[in-house]
Amino acid sequence: MADIIKLLPDHVANQIAAGEVVQRPASVVKELLENAIDAGAASIKLIIKEGGKVLIQVIDDGIGMTPTDARMGFERHATSKIQKAEDLFSLNTKGFRGEALASIAAIAHVELQTRPEQDEMATHLRIEGSEIKFQEVCVAPKGTSMSVKNLFFNIPARRNFLKSNQVELRHITDEFHRVALAHPGIAFNFYNNGSELFNLPKANQRQRIVHIFGSKTNEKLVPVNEETQVVKIAGFIIKPEFAKKSRGEQFFFVNNRFIKSPYLHHAVLAAFEGLIKSDAYPGYFLYLDVDPASIDINIHPTKTEVKFDDEHTLYAILRSTIKHSLGQFNVVPALDFEQDQNLETPYDYKDKNAVQPNVTVDRAFNPFQEVGQKSPAGRSYKKQNTEGWENLYVGLESKVGQNDDFSSVRFESESNTGSFFEGHQEDLESIATTFQLRRKYIVTTIKSGMVVIDQSRAHQRVLYEQFLKNITVNQAISQQLLFPLQLSFSNADIAILKEIKESLTSIGFVFSNIDKEEVRITGVPPLISESEVGMVLDQLISDFQMQITEDSFSQTDVLAKTLAKTLSVKTGEVLNNASQLALVNDLFACKESRWSPFNKPVYVTITESDIDKKFI
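Numbers 1 to 616, taken from full-length UniProt numbering, label the letters of the sequence shown in order.
As structure tokens, this is what we get:
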């Protein structure tokens, strides 16, 4: 039998490794930024074109590379970060696997310019698909400039897998945030298609958070600081009243490395228990310093998963630290049953006894007395004789009947009987057959039995089709505000609002200005009150971050679904008979009344035979 197992060529092995290391342009951005940080850079520039599909360039002022190191850096498992296996348990650098550059060079056009400080000339290297095209000397400043062009040029299936430029830019921005937050001592610049998105100077942790997420973030932050033998915790948490329904502002850093840990996230949720709603997520920027020997980073090529030696102790310390910070900065009201009650009393009244207040009554007060007439001073109250009071009403009916002006007067005690519902007897009968069950369902009768309708899902379907019609037909009605509404958002949220501005305008929103951190609104749709605008926009941004919207139809669908879900009648709201009937009629006038916009059943039908079977 002939041998069938063969060693794969290096370029094939590199393409296989690239499937794990390089998932999208954001993966390349992460690897290049981390290499620049490991090189000791004090200033890093990131340049993106067309969502990273055309160009990803990272320029740093680090130590640079010699001509030999420049060639060796693109070989598999070639790294300067570790020398032996024991070094994996004392990592102080971002990279250590030696796979990133080789994987990137296997599926893109890579151009490198690098110069160490002691050398006079720089090295210029170009690689296409793991094949070195040329290497020569050039003139360049100290540091390294790495350009990655035409990502996945030799793997069409992977290139077709990439999403729209806006979606890929959003992922790149997320990676940029993670790296920039972990290293506030490094200056960062981010350019997209020639325009500057971020200019982050060297700063401390709080300033870096404010520079990225906007100046309004400063008032939301609560400091966290704790140092134990197991872990040192620093950073900030966001006040409970600013909790969102999305996971946007949640960052864990272990030894200045961004990680994802559902276990530690649960510890934060446990600390916020009772302070936020069940469907809300608290925001946090937590920096954990632990012994490198107590964690294992070498689990996945992305290095975002970490294993701890003692997770249970870390969980308890993190939860108690956050609770302590919430109480220390008076975010949580505290009850101290051992506190001296005298401390709650002003010092001037501490030794005084309580005095019973005096109540004075003016018995001469007459509410029917005309203004200007004063009762005689010192006049005592005298009980009037009430005999013959029934004579006051004698002839009242005849007097009212003689005056034509008062012929239509109705007293409050009279019952509204007569012709108020004349001509509406059919509506009255239909209203009588519609009632609300447990503030959640609307029950109405039909010829074959009855229908039980989920009021929230039914209203979602009605609003969803209304918003879709307004967006597609462009016949929106806007309610102008007396005073413009100003809302603050982060730069990433502003970018999403600019992306969907046209769709928002088509349903009735009127924007007078969308600046870097502020949105000015002068008109809103009639279905949205002024107090709900901030909540609606926050939910819209959250949904657009969580869902992929590649074309205008997807944007329109997500927009209509979000508005319908946010503005619909919720479970627990009481509806009068007229509202119940209107909702039922609007539901069955929809094109698709059986299912909600989220593909959940809206109503169930119970026939008379189904009821009869229960009595057999």
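Glycine residues also receive a C-beta, built at the ideal position from the N, C-alpha and C atoms.
Gln229 versus Thr313 - alpha carbon distance:
Along the sequence shown, read from residue 1 onward, the residue named residue 229 stands at position 229. Along the sequence shown, read from residue 1 onward, the residue named residue 313 stands at position 313. Rounded to whole angstroms, Gln229 to Thr313 spans 11 Å at the Cα level.
Quick one: what's got a C-beta closer than 8 Å to Arg159's C-beta in the same chain, skipping five residues either side?
If you number the sequence shown from 1, residue 159 lands on position 159. So the list reads Lys53, Leu151, Phe152, Phe153, once near-sequence residues are dropped.
Would you report the Cα separation of Pro600 and Arg457, rounded to the nearest angstrom?
Position 600 of the sequence shown, counting from 1, holds the residue named residue 600. Position 457 of the sequence shown, counting from 1, holds the residue named residue 457. According to the sequence provided, residue 600 is Lys. The question's Pro does not apply to it. Cα to Cα, Lys600 sits roughly 8 Å from Arg457.
Would you call Arg461 buried or exposed, if buried means 16 or more other Cβ atoms sit within 10 Å of its Cβ?
As a position in the sequence shown, residue 461 is number 461, starting the count at 1. Answer is buried; the Cβ neighbour count reaches 16.
Pro292, DSSP secondary structure in three states:
Mapped onto the sequence shown, residue 292 falls at position 292. Note: Pro292 maps to helix in three-state DSSP.
DSSP state of Glu227, grouped into three classes?
As a working mapping, residue 227 is identified with position 227 in the sequence shown. Reduced to three states, the DSSP call for Glu227 is strand.
Would a C-beta distance cut-off of 8 Å place Gln480 and Gly534 closer than the cut-off?
Reading the sequence shown from its first residue, position 480 is the one you call residue 480. Reading the sequence shown from its first residue, position 534 is the one you call residue 534. For Gln480 and Gly534, no; Cβs fall outside 8 Å.
Between Thr444 and Val222, is the Cβ-Cβ spacing less than 8 Å?
Position 444 of the sequence shown, counted from the start, is the residue given in the question as residue 444. Position 222 of the sequence shown, counted from the start, is the residue given in the question as residue 222. It is not a contact, given that the beta carbons lie outside the stated cut-off.
Span of the alpha helix (DSSP H), counted from its first residue to its last, around Glu311:
Counting from one through the sequence shown, the residue named residue 311 turns up at place 311. First-last of the alpha helix (DSSP H) with Glu311: 311-328.
Option in His459, Phe489, Gln555 with minimal Cα separation from Tyr603
By 1-based counting over the sequence shown, the position of residue 603 is 603. It is His459.
Buried versus exposed call for Asn35 [16 or more other C-beta atoms within 10 Å across all chains shown]
For the purposes of this step, residue 35 is taken as the residue at position 35 of the sequence shown. Classification of Asn35: buried, given that the 10 Å Cβ count is 16 or more.
Residue from Gly235, Leu318, Thr472, Phe251 with nearest C-alpha to Gln205
By one-based count along the sequence shown, residue 205 stands at place 205. The candidate whose alpha carbon is nearest that of Gln205 is Gly235.
Rounded C-alpha distance that separates Phe272 from His183
Position 272 of the sequence shown holds residue 272. Position 183 of the sequence shown holds residue 183. For Phe272 and His183, the distance between alpha carbons rounds to 27 Å.
May I ask you to report which of helix, strand or coil DSSP gives Thr571?
Numbered from its first residue, the sequence shown carries residue 571 at position 571. In the structure shown, Thr571 sits in coil (DSSP, three-state: anything other than H, G, I, E or B).
Could you check what DSSP says for Leu30 in three-state terms: helix, strand or coil?
Counting from 1 along the sequence shown, the entry for residue 30 is found at position 30. Correcting the residue identity first, residue 30 is Lys in this sequence and not Leu. DSSP places Lys30 in helix when its eight states are reduced to three.
Could you tell me which of Thr605, Arg319, Lys216 sits nearest to Ile233, measuring between CA atoms?
Locating residue 233 in the sequence shown gives position 233, counting from the first residue. Closest option to Ile233, Cα to Cα, is Arg319.
So, with DSSP's three-state summary, where would you put Met535?
For the purposes of this step, residue 535 is taken as residue 535 along the sequence shown, with counting starting at 1. Residue state, collapsed to three classes: helix.
Limits of the unbroken beta strand (DSSP E) element including Gln166:
The count along the sequence shown starts at 1 and reaches residue 166 at position 166. Run containing Gln166: none in the beta strand (DSSP E); it sits in the alpha helix (DSSP H), 165-182.
Taking only the alpha-carbon atoms, compute the straight-line gap between Asn256 and Leu527 and give it to the nearest angstrom.
Taking the first residue of the sequence shown as position 1, residue 256 is located at position 256. Taking the first residue of the sequence shown as position 1, residue 527 is located at position 527. Near 46 Å, if we compare the C-alpha coordinates of Leu527 and Asn256.
Whole angstroms is fine: what's the gap from Glu530's alpha carbon to Leu537's?
As a position in the sequence shown, residue 530 is number 530, starting the count at 1. As a position in the sequence shown, residue 537 is number 537, starting the count at 1. So the alpha carbons of these two residues sit roughly 12 Å apart.
Chain-order list of residues whose beta-carbon lies under 6 Å from that of Met1 (same chain, five-residue window excluded)
As a first step, residue 1 must be located in the sequence shown, where it is residue number 1. If we look at Met1 and ignore the five residues flanking it on each side, it has no Cβ neighbours.
Check the C-beta distance from Ala39 over to Thr144 and give it rounded, since I have them as a contact under 8 Å.
What you label residue 39 is simply residue 39 of the sequence shown in a count that begins at 1. What you label residue 144 is simply residue 144 of the sequence shown in a count that begins at 1. With 8 Å as the limit, Ala39 and Thr144 qualify as a contact, their Cβ atoms being about 6 Å apart.
Using the beta-carbon count (16 or more within 10 Å), is Glu465 buried or exposed?
For the purposes of this step, residue 465 is taken as the residue at position 465 of the sequence shown. It counts as buried.
Going by CA-CA distance only, name the one from Ser130, Val268, Arg178 that's closest to Ile37.
The residue given as residue 37 occupies position 37 in the sequence shown. The shortest Cα separation from Ile37 among Ser130, Val268, Arg178 belongs to Arg178.
Here's a check: name, in chain order, each residue in its chain whose Cβ is nearer than 8 Å to the Cβ of Ser448, leaving out the five neighbours to either side.
Position 448 of the sequence shown, counting from 1, holds the residue named residue 448. Counting only Cβ-Cβ distances below 8 Å, and skipping sequence neighbours, we find Thr605, Thr607, Glu608.
Helix or strand or just coil, what does DSSP make of Lys517?
Start at 1 with the first residue of the sequence shown, and residue 517 comes out as number 517. In the sequence as displayed, the identity of residue 517 is Glu instead of Lys. Correct three-state label for Glu517: coil.
First and last residue of the beta strand (DSSP E) that includes Asn233?
Position 233 of the sequence shown, counted from the start, is the residue given in the question as residue 233. What sits at residue 233 in the sequence shown is Ile, not Asn. Taken as a continuous stretch (DSSP letters only), the beta strand (DSSP E) holding Ile233 covers 232-238.
Count the other C-beta atoms from every protein chain shown that fall within 10 angstroms of the C-beta of Lys565, then say buried if there are 16 or more, exposed otherwise.
Residue mapping note: residue 565 aligns to position 565 of the sequence shown, counting from 1. By the 10 Å Cβ count, Lys565 comes out buried.
Can you tell me whether Lys277 is buried or exposed, with buried defined as 16 or more other CB within 10 angstroms of its CB?
Position 277 of the sequence shown holds residue 277. Lys277 should be labelled exposed.
Out of Asp310, Met72, Thr217, Ile48, state which residue places its alpha-carbon closest to the alpha-carbon of residue 619.
Examination of residue 619 is not possible in this model, given that the chain is present from 1 through 616 alone.
Going straight from the alpha carbon of Pro116 to that of Pro25, what length do you get?
The sequence position of residue 116 within the sequence shown is 116, counting from 1. The sequence position of residue 25 within the sequence shown is 25, counting from 1. Looking at the two C-alpha atoms, the distance is approximately 28 Å.
Contact between the segment 207-216 and the segment 238-245 (3+ Cβ pairs under 8 Å)
no
Could you work out which residue in Asn165, Asn225, Ser103 is closest to Ala495 when comparing CA atoms only?
The residue labelled residue 495 in the question sits at position 495 within the sequence shown. Nearest option by C-alpha distance: Asn165.
Based on Cα-Cα distance, which residue from Leu581, Glu131, Ile297 lies nearest to Lys307?
Mapped onto the sequence shown, residue 307 falls at position 307. Nearest option by C-alpha distance: Ile297.
Excluding the 5 residues flanking Thr472 on each side, which residues of the same chain have their C-beta closer than 6 Å to its C-beta?
In the sequence shown, counting from the first residue as 1, residue 472 sits at position 472. Nothing listed; no residue qualifies.
Could you tell me if Ala157 is buried or exposed, where buried requires 16 or more neighbouring beta carbons within 10 angstroms of its beta carbon?
Here residue 157 corresponds to residue number 157 of the sequence shown, with the count starting at 1. Under this definition Ala157 is an exposed residue.
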